[in-house]
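See structure below.
Numbering (the UniProt record's numbering), first residue to last: 1 to 452.
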């Protein structure tokens, strides 16, 4: 029996199965992305080393299964204008690399920008299945994305739809599971691009492909278009990049190479509030859609760029907000304390349940330097998360009756039992009020269960 068990542990996980449409994206995805650590220079060898470390840390057992190539995997275009891989850095090609990931039970993601790149425009290839060229579908008077160097696709031209379809069909042949479209507008970036019709065409092309491809939009999208993002994709970035780009250029050894900084984490607390109502498992055709906070810079200890307390706060906010949990760190140098944070099954379960937390409006917390967030669960329990975003130690103190969300529940009449979801320790006596002292940038998270 032991030998059979050992053999089973050595065998690769079965390739994950997905069903299209109705049950797709019903919970936030979890995994790892190349951008934060490898930037625009991913290679097959480097990514495979990360995959090996992913398994060494047993992260797939916790749900981390998407491996997403960000910028840097392409090398121009094929004869029909479809992006092709760099075979020097990815000698197996995308087909072979995808097979490798699937053989290990993982999911495979790629990256692309909308619009027509200026280099593609100069090549002017014939669009697959048509007699039209790229010039025929390009509006050179408008930007193709919020980043420089591209033109808008004109979807009044019949071949424009065929072009998007040709890209999606190629991705489907490679058995791609995830596509990130970056620099989508209206939203952040340097240019006022409008990719709304292109997103409708991407969504339609994915539906026609019959392959369940997760479509993720980036970055810092306009909330004015949130209903459209919800209808055409499975996730959308609500903020700018989490990375501390100046840290990479710094000569200061205290911050050089750090992946993020506290201000990048803390600004998500305010920015997510108007987006909360758009996230959830139901939506267009039954597909889910989620607020994307960008990657979790957790796993490399001090090189994360934030303190241990801030790392726990980061993971707690991402988890209770049902944001995708994808790591951006170097998994080959996994910090043991960080590993404990990102493998907390209680917080992962909250994230995967798909009920985003909402901030509480409590008189004593209206400065928003200290915050309390609540999640009400279908089983009658709740999750209360407490945060101190200030520079000094602070006490959060309030009565249960101050929580409007609990007024129509059993908690209004009887103080709940509290269980700390980090330590799994129960508070011995149900308290009449919350009275918790937190260090600077620290957090606590409790499950509330009825006592009667």
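Every residue gets a Cβ at the ideal spot worked out from N, C-alpha and C, and that includes glycine.
Judged by DSSP in its simplified three-state form, residue 293 adopts coil rather than helix or strand. In the same chain as residue 74, and ignoring 5 residues on each side of it, the C-beta atoms closer than 6 Å to its own belong to 83, in chain order.
In terms of Cβ geometry, residue 36 and residue 295 form a close pair [threshold 8 Å]. Its chain contains 247 as the residues whose beta carbon lies nearer than 6 Å to that of residue 255, once the 5 sequence neighbours on both sides are disregarded; these appear in chain order.
In this structure, residue 155 sits near residue 201, with a CB-CB distance shorter than 8 Å. Along the region 152 to 225, the alpha helix (DSSP H) occurs as fully enclosed runs of 4 or more residues at 158 to 173, 196 to 209, listed in sequence order. Between residue 272 and residue 221, the CB-CB gap reaches or exceeds 8 Å. Boundaries of the alpha helix (DSSP H) around residue 94: 93 to 103. In this model, residue 58 and residue 204 are separated by some 36 Å (Cα to Cα). Rounded to whole angstroms, the gap between the alpha carbons of residue 291 and residue 181 is 15 Å.
By the neighbour-count definition (other C-beta atoms within 10 Å, threshold 16), residue 109 is a buried residue. The Cβ-Cβ distance between residue 359 and residue 371 falls below 8 Å. Less than 8 Å separates the beta-carbon of residue 415 from that of residue 432. Listed in chain order, the non-local C-beta contacts of residue 412 below 8 Å within the same chain comprise 400, 401, 406, local neighbours out to five positions each way being set aside. As a beta-bridge residue in DSSP terms, residue 110 pairs with 179. In this chain, the alpha helix (DSSP H) harbouring residue 340 covers 336 to 342. For residue 246, the enclosing alpha helix (DSSP H) stretches over residues 245 to 249. One alpha carbon belongs to residue 264, the other to residue 41, and they sit about 24 Å apart. Listed in chain order, the alpha helix (DSSP H) runs fully inside the region 27 to 63 are 35 to 38, 44 to 56, counting runs of at least 4 residues. Shown here, residue 367 sits in coil according to DSSP, grouped into three states, outside any helix or strand. The beta carbon of residue 72 sits closer than 6 Å to the beta carbons of 40, 41, 42 from its chain, once the five residues preceding and following it are set aside; these are given in chain order. Using a 10 angstroms sphere on the CB of residue 441, the tally of other CB atoms reaches 16 or more, which defines it as buried.
For residue 433, the enclosing beta strand (DSSP E) starts and ends at 433 to 438. In this structure, DSSP gives residue 446 an extended state, which the three-state scheme calls strand.
Taking 8 Å as the cut-off, the Cβ atoms of residue 50 and residue 421 do not count as close. For residue 65, there is no enclosing beta strand (DSSP E), as DSSP marks it with neither H nor E. Excluding the 5 residues flanking it on each side, residue 225 has same chain C-beta neighbours closer than 7 Å at 186, 196, in chain order. In the three-state reduction of the DSSP assignment, residue 385 falls in the strand class, which pools E and B. Taking all protein chains in view, the Cβ of residue 451 is surrounded by fewer than 16 other Cβ atoms within 10 Å, so the residue is classified as exposed. Residue environment: residue 243 is assigned as buried (16 or more neighbouring CB atoms within 10 Å of its CB, all protein chains considered).
Straight across, the Cα-Cα distance linking residue 443 with residue 160 is about 49 Å. Excluding sequence positions up to five before and after residue 410, its CB lies within less than 6 Å of the CB of 450, all in the same chain and listed in chain order. By the Cβ-count criterion, residue 445 is buried, with 16 or more other Cβ atoms from all chains shown falling within 10 Å of its own Cβ. According to the DSSP assignment, residue 318 belongs to the alpha helix (DSSP H) that extends over 308 to 320.
The closest CA to that of residue 318, considering only 348, 380, 32, 189, is found on 348. Sequence-distant Cβ neighbours of residue 23 in its own chain, meaning closer than 8 Å and more than five residues away, are 286.
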